[in-house]
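Participant: To start, I am sharing the structure in question, which I have written as structure tokens.
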Amino acid sequence: MTEAEAVYRYESGYISHSAKKDYGPLDFTGRIAGGLRLDIRRRAPLFCSDWTDAFLPENFQKSVSSILYLFIAALAPAITFGSRFLDGTNGQFGVLEMIMSTSISGLIFSTFAGQPLSILGATGPFLAYTLVVYDLAIAVDIEFMPFYFWTCMWCSVFTILVAVFDLCALMKHVTMFSEDIFAGLISLIFIIDGVRPIIENFTESRLTLTNCMFESLLFIWTFGWATYLSSFRRTPWTFRAIRNFGANFAVTIALVSGSAMAAIYSNDTGLRMLQVDADFAPNLSLSDGSKRPWIVNPAGIDRPFPAWGIAYAVLPAIGFAVLGYLDQNLTSVIVNRPSNNLKKPPAYHLDLFVRGALTLPVCAVLGLPLSVASTVPSITHVISLTTYECSSFRKVSARCLRR
Numbered sequence: 007m008t009e010a011e012a013v014y015r016y017e018s019g020y021i022s023h024s025a026k027k028d029y030g031p032l033d034f035t036g037r038i039a040g041g042l043r044l045d046i047r048r049r050a051p052l053f054c055s056d057w058t059d060a061f062l063p064e065n066f067q068k069s070v071s072s073i074l075y076l077f078i079a080a081l082a083p084a085i086t087f088g089s090r091f092l093d094g095t096n097g098q099f100g101v102l103e104m105i106m107s108t109s110i111s112g113l114i115f116s117t118f119a120g121q122p123l124s125i126l127g128a129t130g131p132f133l134a135y136t137l138v139v140y141d142l143a144i145a146v147d148i149e150f151m152p153f154y155f156w157t158c159m160w161c162s163v164f165t166i167l168v169a170v171f172d173l174c175a176l177m178k179h180v181t182m183f184s185e186d187i188f189a190g191l192i193s194l195i196f197i198i199d200g201v202r203p204i205i206e207n208f209t210e211s212r213l214t215l216t217n218c219m220f221e222s223l224l225f226i227w228t229f230g231w232a233t234y235l236s237s238f239r240r241t242p243w244t245f246r247a248i249r250n251f252g253a254n255f256a257v258t259i260a261l262v263s264g265s266a267m268a269a270i271y272s273n274d275t276g277l278r279m280l281q282v283d284a285d286f287a288p289n290l291s292l293s294d295g296s297k298r299p300w301i302v303n304p305a306g307i308d309r310p311f312p313a314w315g316i317a318y319a320v321l322p323a324i325g326f327a328v329l330g331y332l333d334q335n336l337t338s339v340i341v342n343r344p345s346n347n348l349k350k351p352p353a354y355h356l357d358l359f360v361r362g363a364l365t366l367p368v369c370a371v372l373g374l375p376l377s378v379a380s381t382v383p384s385i386t387h388v389i390s391l392t393t394y395e396c397s398s399f400r401k402v403s404a405r406c407l408r409r
């Protein structure tokens, strides 16, 4: 281990700062729920300030801009992944289920977890593995939704055990290189998902050149304005208050202006709009043509669910638990980096416990796709709440420091 990595781990809280009894956030305590209790002890005095800090005069504008941005940042992936769940599971899940999973899981996590900067949502690995679980149910001819319920409940048990036995301490062996590779791969997935529809438009015979070019222009317009306004704080234009406002609301301004252009010229260009079902009901239709109830019956919906299926659900639940452990903790490690200069301590064990004890059972009972800490929205959440101190010198460009 190099000296730089040793310093990084020490500053991150990976290594205890003093005596053996003074455990760091990722130290192994050797006691049942030892790390979980320490996380609660560290975060409990800060619980009220997590809610009240947003209303301080110096934080209010940044908090409002972050809320608007997160609404878009959480909704867009939910719609994208929801449509993929719809196709991959033959209608078992849909866009509404994914939006509900993101919102309910996010509300629970932000209220009870120790690191509210982490944003829960769908990820590529969870999408792929859910489709594997669906194939496992179809392969043995059992109903997917009850099978999914028991899979999530077993996953909840495994996740709670991981948090109780301090297994999050294993993340102290993760290096900066591993964190950057993980963040880069997840970011690449988001970039590809954003660019792919624009390229595929030009290969669809039912779309005219006008449709393709207009959608491409909207893409360039939105991305260009969001990128430019995000760096507007470092320009010499106008007043500082206006520069800060433009930088704080960069993504919101870009998306609102792009959406307005799409609404104005949609009839002339034949622009395709998102089709959303007006009924607030699950997507799955039963054999009699009615929609399934919101509460999943673990004993079977259309037909009885076999008892051996409960034990069979243990196998995919282990995979779900491992994926959730890696996604949740790697994202938390990146969010809690020393370079982010966070003022409040992390709570890795508490975060995982809340997800296992609260969010997973709720998703199981309602029949919703699982949500986990998503790297890209979480990182951008931190960036949106970061305060910069900018200074400029003669013949030297503006320099901004995070605090």
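Using this note's numbering, you'd call the opening residue of the sequence shown number 7 and step up by one each time. For every residue, glycine included, the Cβ atom is placed at its ideal position computed from N, Cα and C. Computed from a predicted model, the values in this text were never measured in an experiment.
1. Looking only at C-alpha atoms, which of 56, 45, 64 and 34 sits nearest to residue 1?
2. Go ahead and label residue 243 buried or exposed: buried means 16 or more other beta carbons lie within 10 angstroms of its beta carbon, across all protein chains shown.
3. Under 7 Å Cβ to Cβ from residue 224, same chain only, skipping five residues before and after it: list those, please.
4. Which whole-angstrom value is the C-beta distance of residue 127 and residue 383, which I expect to be below 8 Å?
5. Does the stretch 290 to 298 come close enough to the stretch 133 to 148 to have 3 or more Cβ pairs within less than 8 Å?
6. Using only CA atoms, which one of 184, 204 and 310 lies nearest to residue 277?
7. For a test of the three-state rule: what should DSSP assign to residue 116, helix, strand or coil?
8. Which of the three DSSP states, helix, strand or coil, is assigned to residue 68?
9. Mapping the DSSP letters down to three states, classify residue 97 as helix, strand or coil.
10. Is there contact between the stretch 357 to 367 and the stretch 150 to 168, where contact requires at least three CB pairs shorter than 8 Å?
11. Could you tell me whether the Cβ atoms of residue 143 and residue 153 are closer together than 8 Å?
12. Is it true that the stretch 250 to 259 meets the stretch 69 to 85, where meeting means three or more beta-carbon pairs spaced less than 8 Å apart?
13. Count the C-beta pairs between the stretch 304 to 318 and the stretch 96 to 108 that are closer than 8 Å, then say yes if the count reaches three, no if not.
14. When the distance is taken between beta carbons, is residue 380 closer than 8 Å to residue 73?
15. Going by DSSP, what residues sit across from residue 297 in a beta bridge?
16. For the stretch 296 to 349, list the alpha helix (DSSP H) runs that are entirely contained and at least 4 residues long, ordered along the chain.
17. If you run the structure through DSSP and keep just helix, strand and coil, what is residue 379?
18. Do residue 108 and residue 82 have their C-beta atoms closer together than 8 Å?
19. Report, in whole angstroms, the separation of the C-beta atoms of residue 447 and residue 98, which I expect to be a contact under 8 Å.
20. In three-state DSSP terms, what is residue 62?
21. Measuring straight from C-alpha to C-alpha, what distance separates residue 241 and residue 251?
22. Mind checking whether residue 377 and residue 354 have CB atoms under 8 Å apart?
23. Tell me, please, whether the stretch 340 to 353 touches the stretch 191 to 203 by the rule of three or more beta-carbon pairs shorter than 8 Å.
24. With a threshold of 8 Å between beta carbons, is residue 52 in contact with chain C?
25. Which residues mark the beginning and the end of the alpha helix (DSSP H) in which residue 131 is found?
26. Is the beta carbon of residue 346 closer than 8 Å to that of residue 388?
27. Near residue 316, which residues of its chain fall below 7 Å by C-beta distance, leaving aside the five closest residues on each side in sequence?
28. Buried or exposed for residue 54, please, with buried defined as at least 16 other CB atoms from any protein chain shown within 10 angstroms of its CB.
29. Who are the near neighbours of residue 319 in its chain, counting only those whose CB is closer than 7 Å to its CB and skipping five residues on each side?
30. Quick check on the DSSP output: the alpha helix (DSSP H) that includes residue 184 runs from which residue to which?
31. Mapping the DSSP letters down to three states, classify residue 40 as helix, strand or coil.
32. When the distance is taken between beta carbons, is residue 42 closer than 8 Å to residue 356?
33. So residue 373 and residue 151 are supposed to be a Cβ contact under 8 Å. How far apart are they, rounded?
34. Mapping DSSP to helix, strand and coil, what is residue 358?
35. Can you tell me where the alpha helix (DSSP H) holding residue 372 begins and where it ends?
36. Among 58, 45, 100 and 32, whose alpha-carbon lies nearest the alpha-carbon of residue 285?
Facilitator: With the given structure in hand:
1. Given that the chain is displayed from residue 7 to residue 409, the structure contains no residue 1 and the question cannot be resolved.
2. Mapped onto the sequence shown, residue 243 falls at position 237. Exposed, since its Cβ has fewer than 16 Cβ neighbours within 10 Å.
3. By one-based count along the sequence shown, residue 224 stands at place 218. If we look at residue 224 and ignore the five residues flanking it on each side, its Cβ neighbours are 264, 267 and 268.
4. Here residue 127 corresponds to residue number 121 of the sequence shown, with the count starting at 1. Here residue 383 corresponds to residue number 377 of the sequence shown, with the count starting at 1. About 6 Å; that satisfies the 8 Å criterion.
5. no
6. Mapped onto the sequence shown, residue 277 falls at position 271. Comparing Cα positions, the closest option is 204.
7. Numbered from its first residue, the sequence shown carries residue 116 at position 110. Judged by DSSP in its simplified three-state form, residue 116 adopts helix.
8. Working through the sequence shown from its first residue, we reach residue 68 at position 62. Of the three classes helix, strand and coil, the one that applies to residue 68 here is helix, per DSSP.
9. Taking the sequence shown and counting its residues from 1, one reaches residue 97 at position 91. Correct three-state label for residue 97: coil.
10. Yes: at least three Cβ pairs fall under 8 Å.
11. Here residue 143 corresponds to residue number 137 of the sequence shown, with the count starting at 1. Here residue 153 corresponds to residue number 147 of the sequence shown, with the count starting at 1. Contact flag set, yes.
12. yes
13. no
14. Here residue 73 is taken as the residue at index 67 of the sequence shown, counted from 1. Here residue 380 is taken as the residue at index 374 of the sequence shown, counted from 1. Not in contact: residue 73 and residue 380 (Cβ atoms no closer than 8 Å).
15. On the sequence shown, position 291 is the one that residue 297 refers to. Residue 297 pairs with 291.
16. 314 to 318 and 320 to 341
17. As a position in the sequence shown, residue 379 is number 373, starting the count at 1. Strand at residue 379.
18. Counting from 1 along the sequence shown, the entry for residue 108 is found at position 102. Counting from 1 along the sequence shown, the entry for residue 82 is found at position 76. Not a contact, by the Cβ cut-off of 8 Å.
19. Missing from the structure shown is residue 447; the chain here goes from 7 to 409 and no further.
20. Within the sequence shown, the letter at position 56 stands for residue 62. Residue 62 falls in the coil class under three-state DSSP.
21. Locating residue 241 in the sequence shown gives position 235, counting from the first residue. Locating residue 251 in the sequence shown gives position 245, counting from the first residue. Roughly 13 Å separates the two Cα atoms.
22. On the sequence shown, residue 377 is found 371 positions in, with the first residue counted as 1. On the sequence shown, residue 354 is found 348 positions in, with the first residue counted as 1. The answer is no: Cβ separation not under 8 Å.
23. no
24. Any reference to chain C falls outside this structure, which holds one protein chain only.
25. Indexing the sequence shown from 1 puts residue 131 at position 125. Unbroken alpha helix (DSSP H) run through residue 131: 130 to 145.
26. Taking the first residue of the sequence shown as position 1, residue 388 is located at position 382. Taking the first residue of the sequence shown as position 1, residue 346 is located at position 340. Result yes, Cβ atoms of residue 388 and residue 346 sit closer than 8 Å.
27. The sequence position of residue 316 within the sequence shown is 310, counting from 1. Cβ neighbours of residue 316 beyond the five flanking positions: 156.
28. As a working mapping, residue 54 is identified with position 48 in the sequence shown. Classification for residue 54: exposed.
29. Counting from 1 along the sequence shown, the entry for residue 319 is found at position 313. Around residue 319, the same chain offers 153, 156, 157 and 160 as residues with beta carbons nearer than 7 Å, after the five sequence neighbours per side are excluded.
30. In the sequence shown, residue 184 corresponds to position 178, counting from 1. Its alpha helix (DSSP H) spans residues 182 to 207.
31. Start at 1 with the first residue of the sequence shown, and residue 40 comes out as number 34. If DSSP states are grouped into helix, strand and coil, residue 40 belongs with the helices.
32. Numbered from its first residue, the sequence shown carries residue 356 at position 350. Numbered from its first residue, the sequence shown carries residue 42 at position 36. Contact flag set, yes.
33. Here residue 373 refers to the residue found at position 367 of the sequence shown. Here residue 151 refers to the residue found at position 145 of the sequence shown. Correct: roughly 5 Å between the Cβ atoms.
34. As a first step, residue 358 must be located in the sequence shown, where it is residue number 352. In the three-state scheme derived from DSSP, where H, G and I count as helix and E and B as strand, residue 358 is classed as helix.
35. Here residue 372 is taken as the residue at index 366 of the sequence shown, counted from 1. Residue 372 -> alpha helix (DSSP H) spans 366 to 372.
36. The count along the sequence shown starts at 1 and reaches residue 285 at position 279. Taking only the C-alpha atoms, the option nearest residue 285 is 100.
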